[in-house]
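First the structure, in the form of structure tokens, and then the observations on it.
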Amino acid sequence: MVAGTLEVTLVEARSLKNMDFIVKMNPYVVIQYGNQKHTSTIAKGQGTKPVWNEKFKFDAEYPDGEGHKYMLLFRIMDTQKLLDHDVFVGESKMYVKDVIASGIEKGKAELGVAKYRVVLQDKTYAGEISVALAFTLNS
Numbered sequence: 001m002v003a004g005t006l007e008v009t010l011v012e013a014r015s016l017k018n019m020d021f022i023v024k025m026n027p028y029v030v031i032q033y034g035n036q037k038h039t040s041t042i043a044k045g046q047g048t049k050p051v052w053n054e055k056f057k058f059d060a061e062y063p064d065g066e067g068h069k070y071m072l073l074f075r076i077m078d079t080q081k082l083l084d085h086d087v088f089v090g091e092s093k094m095y096v097k098d099v100i101a102s103g104i105e106k107g108k109a110e111l112g113v114a115k116y117r118v119v120l121q122d123k124t125y126a127g128e129i130s131v132a133l134a135f136t137l138n139s
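Under UniProt numbering, the residue at position 126 of the sequence shown is numbered 126, and the numbers go up by one with no gaps.
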């Protein structure tokens, strides 16, 4: 088994479904890769067009069995001060097996900033998220 680091750059989101009707949303993103999780900062008052420009690192191995283990899950949430829980805004899934495989072959592989659909639980469109990826092979 070969190991490396998967670096995720969370850039921004656009056209998110507005979950706050009185004030602007305060969205954040929970990024999950396998059993690893990272949470972005809260984009306070940025509403449906938040910008984060944050980087997160995940340990990645290849081959790692089933394909679902190569999935990055981005869950966009809205902080709610009036409720006792945060509200789900939408999610996006990204399969990264090809980036990891290429990085293992070349030592490093990058995927520039690209837009991905954000969907609700019923798969209806809820905006888009912009993300960049890089995989670096451990030496």
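Idealized CB from N, CA, C, for every residue including glycine.
Next on the checklist: Does Lys37 come out as helix, strand or coil in the three-state DSSP assignment?
Outcome noted: Residue numbering aside, residue 37 sits at position 37 when the sequence shown is read from its first letter. Reduced to three states, the DSSP call for Lys37 is strand.
Can you tell me the Cα-Cα spacing of Phe21 and Gln80, whole angstroms?
For the purposes of this step, residue 21 is taken as the residue at position 21 of the sequence shown. For the purposes of this step, residue 80 is taken as the residue at position 80 of the sequence shown. Cα to Cα, Phe21 sits roughly 12 Å from Gln80.
Worksheet item: Hey, is the stretch 12-27 in contact with the stretch 40-59, meaning 3+ C-beta pairs nearer than 8 Å?
Response: yes
**Request:** Please go through the same chain and pick out, in chain order, the residues whose beta-carbon is closer than 7 Å to the beta-carbon of Gly103, but skip the five residues on each side of it.
**Result:** Here residue 103 is taken as the residue at index 103 of the sequence shown, counted from 1. The residues are Gly4, Ala109, Phe135, Thr136, Leu137.
Which of helix, strand or coil DSSP assigns to Ile42
Position 42 of the sequence shown, counting from 1, holds the residue named residue 42. Coil, per DSSP.
Collapsed DSSP secondary structure at Lys93 in the structure displayed:
Mapped onto the sequence shown, residue 93 falls at position 93. The answer is strand: DSSP assigns Lys93 an E or B state.
Contained beta strand (DSSP E) runs [length at least 3] in the stretch 94-125, N- to C-terminal order
108-119
*asked:* Less than 9 Å between the beta carbons of Ile76 and Glu91, yes or no?
replied: Counting from one through the sequence shown, the residue named residue 76 turns up at place 76. Counting from one through the sequence shown, the residue named residue 91 turns up at place 91. Contact: yes.
Query - Cβ neighbour criterion (16 or more within 10 Å) applied to Ser40 - result: Here residue 40 corresponds to residue number 40 of the sequence shown, with the count starting at 1. With 16 or more Cβ atoms within 10 Å of its Cβ, Ser40 is classed as buried.
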